[in-house]
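Take a look at the structure set out below.
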Amino acid sequence: MSTSRRDLLSQSGKWLFLTSAAQAALEFVLAGNAEAAPTYNMHTHWWAMTIDINKCIGCGNCVRACAEENGVPKGFFRTWIERYDVPSWEMEHPEVDSPNGGMDGFPEKPIKGKSFFVPKLCNHCAHSPCVQVCPVGATFETPDGLVLVDEKYCLGCRYCVQACPYGCRYINPKTNTVDKCTLCYHRISKGLTTACCEACPTGCRTLADLKNPKDPVHDFLRTNSIQVLKPQMATGSKVYYRGLDGSVR
Amino acid sequence: MRITFKDAAHLIRLVIVVLIAMAAFAGLRSLMVPESFGQYGHYRGNALEEIRAKPVSFAGRQACAECHDAVVEAKKAGKHVNIGCEACHGAQAKHAEDPSLKPTKPDTAVLCARCHEKNSAKPHGFPQVATKDHNTGMACGDCHQPHQPKL
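Quick mapping for you: the protein sequence lines, in order, are chains D and P.
Residue numbering for the first sequence follows my numbering, starting at 149 and increasing by one per position.
Residue numbering for the second sequence follows my numbering, starting at 163 and increasing by one per position.
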């Protein structure tokens, strides 16, 4: 059977048009039942975390709990604790250490000035620098205020690792994609608190839902001196620190 | 001078080629862009569902209280009242699912020091001891009850 060029072109044109039309129709049908989480309505939440510096004892429970809950590879951290040692007046030069992310606690050492612990994690910024640089839409801000990574879509290009001003992202050596704190999305969407908050013995960390008018976070934010990390970068950080020292970077 | 259909035939061919190209683009695009992309924004909407579906390791203190109400009552009298069970006992979601899986009891000689070992960076007023002076060779649990730590 011989096919003229005209026939071939017209046939292939028809097939292309038909398949795309069918695909569009299928998408339309599927979109009808895409949201399959009847119990969790993400539009009624706006997640955040509060950290009370005066309560952190540097025990490392949060770091261990996070690693266990999320399968964080050894040597990488979604949350970690830093120990600051600030000489009395040289605020620009604090001595900071974080042995193994604080996972095994902090060995006692002689201090020069004032010393305290600062737990850190992803700030779940409302205007995240990391989301802005992702070339493929693999990291994004969710309607409930989290910054998440789609590991199936991530290329591992590391743009976001560089863009995060807080150093909260790492490349998971198992998947070669970027990984970070999800604020335990799989827990908080089931009504639980995050693993780090669950394991924190002093109540230093508290999960907060800013859209819930009954959440004690509103009192906490109103009645205390609150600071976020690197406010000058206008990232819209949602990890609120009480009693944060000016030397903390 | 009238423009006849015959005169515009070359334009029609051009239009057909453009239409084919557009259809090819639309077809390829719909094949390559994931189904839920753009549902909430410039990302795959189904990724949210996938992340939410991950299993939990820490059951949460409410789950513990369902069976261990005696311990919850005992803790109310002590300073450790607000500490979650899994802060000391570790992740117990598997035990909560299947209570026949017995968790190992934490060793108080190691456990208590995690929080109460003396450290200059700890907030003032937090009870701390230098374990090597305080209880050489003894486990904290020999004297203190972890659920009600006061002697």
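Just so it is clear, CB atoms sit at the ideal spot from N, CA and C, and this is done for glycine as well.
Predicted, not measured: the structure shown is a model, and the values here were computed from it.
Per DSSP, the bridge partner or partners of residue i
i	result
D/PRO267	D/ILE229
D/VAL326	D/ILE319
P/PHE220	Its beta-bridge partners do not exist; DSSP assigns none.
D/GLN375	D/TYR389
D/VAL234	D/LYS262
D/VAL297	D/THR287
P/VAL291	P/GLU279
P/PHE199	P/ARG206
Cutoff 8 Å: residue i Cβ touching any chain P Cβ
i	result
D/ASN181	Unreliable positioning characterises D/ASN181 in this predicted model, as indicated by a pLDDT of 44, which lies under 50. A coordinate reading is not provided.
D/PHE368	no
D/ALA343	yes
D/TYR389	no
D/GLN171	yes
D/LEU164	yes
D/SER246	no
D/GLU217	yes
D/ARG154	no
D/LYS362	no
D/CYS214	no
D/ILE374	no
D/ASN189	no
D/ALA184	The predicted position of D/ALA184 is uncertain, since its pLDDT is 45 and thus under 50; no value can be drawn from it.
D/HIS193	no
D/LEU340	yes
D/PRO291	yes
D/GLY384	no
D/GLY285	yes
D/GLY167	Per the sequence shown, the amino acid found at residue 167 of chain D is Thr instead of Gly. Yes, D/THR167 lies at the interface with chain P (some Cβ there is under 8 Å from its Cβ).
D/GLY161	yes
D/GLY394	no
Run of the beta strand (DSSP E) containing residue i, from where it starts to where it stops
i	result
D/ARG353	353-357
D/THR198	195-200
D/TYR388	387-390
P/LEU107	The question about residue 107 of chain P has no answer, for chain P in this structure spans 163 to 313.
D/THR187	Note, D/THR187: premise wrong, no beta strand (DSSP E); not H, not E.
D/ASP245	243-245
Limits of the unbroken alpha helix (DSSP H) element including residue i
i	result
D/MET251	Unbroken run through D/MET251: none, as it is neither H nor E.
P/ILE174	171-194
D/ARG212	209-218
D/THR371	365-371
D/GLN280	277-281
P/GLU259	255-259
P/ILE245	No alpha helix (DSSP H) holds P/ILE245; DSSP gives it neither H nor E.
D/GLN310	307-311
Listed by chain order, chain P residues near residue i by CB distance under 8 Å
i	result
D/GLY223	Those do not exist, as D/GLY223 stays about 20 Å from chain P at its closest Cβ, beyond 8 Å.
D/HIS408	It is not possible to answer for residue 408 of chain D, since the shown part of chain D is limited to 149 through 397.
D/ARG401	This structure does not reach residue 401 of chain D, given that chain D is present from 149 up to 397, and the question cannot be answered.
D/CYS112	No statement about residue 112 of chain D is possible, as the shown extent of chain D runs from 149 to 397 and does not include it.
D/HIS334	ILE213, ARG214, ALA215, LYS216, PRO217, VAL218
Any chain D beta carbon closer than 8 Å to residue i
i	result
P/SER108	Within the shown structure, residues of chain P are numbered from 163 to 313, placing residue 108 of chain P beyond reach of any answer.
P/VAL218	yes
P/ALA209	yes
P/LEU193	yes
P/PRO140	Since the first residue of chain P shown is 163 and the last is 313, residue 140 of chain P is not available in this structure.
P/ARG206	yes
P/GLY299	no
P/GLY189	yes
P/GLY303	no
P/ALA227	no
Interface partners of residue i on chain D, CB under 9 Å
i	result
P/LYS280	GLU256
P/CYS274	Near P/CYS274 there are no residues of chain D at all, since even the closest Cβ is about 10 Å away, more than 9 Å.
P/ALA271	Correct list: empty, because the minimum Cβ distance to chain D is about 14 Å.
Proximal chain P residues relative to residue i, where beta-carbon distance stays under 7 Å
i	result
D/SER337	ARG214
D/GLY250	Within chain P, no residue comes near D/GLY250; the closest Cβ sits about 11 Å away, beyond 7 Å.
Interface residues of chain D facing residue i [CB-CB closer than 7 Å]
i	result
P/ALA258	Neighbours of P/ALA258 on chain D: none; closest Cβ ~12 Å, over 7 Å.
P/CYS277	ILE205, CYS207, PRO349
P/GLY203	PHE288
Under 9 Å by beta carbon: chain P residues contacting residue i
i	result
D/ILE199	The contacting residues do not exist; D/ILE199 stays about 13 Å from chain P at best.
Residue-chain proximity (residue i, chain B), Cβ-Cβ < 8 Å
i	result
D/CYS305	Annotation note: the requested chain B is absent from the structure, which comprises protein chains D and P.
* the segment 297-330 of chain D: positions lying closer than 9 Å to chain P by Cβ -> VAL297, ASP298, GLU299, LYS300, TYR301, THR330
* Residues of the segment 231-255 of chain P with a CB closer than 7 Å to any CB of chain D: list them in chain order, please. => ASN244, ILE245, GLY246, GLU248, ALA249, ALA253
* Got a sec: which bits of the segment 259-270 of chain D sit with their beta carbon under 7 Å from any beta carbon on chain P, in order along the chain? -> ILE259, SER263, PHE264, PHE265
* **Contact residues within the segment 344-358 of chain D, judged by C-beta distance below 9 Å to chain P** => CYS345, GLU346, ALA347, CYS348, PRO349, THR350, GLY351
* Asked: Given a limit of 7 Å on CB to CB distance, which residues of the segment 165-179 of chain P reach chain D?
  -> none
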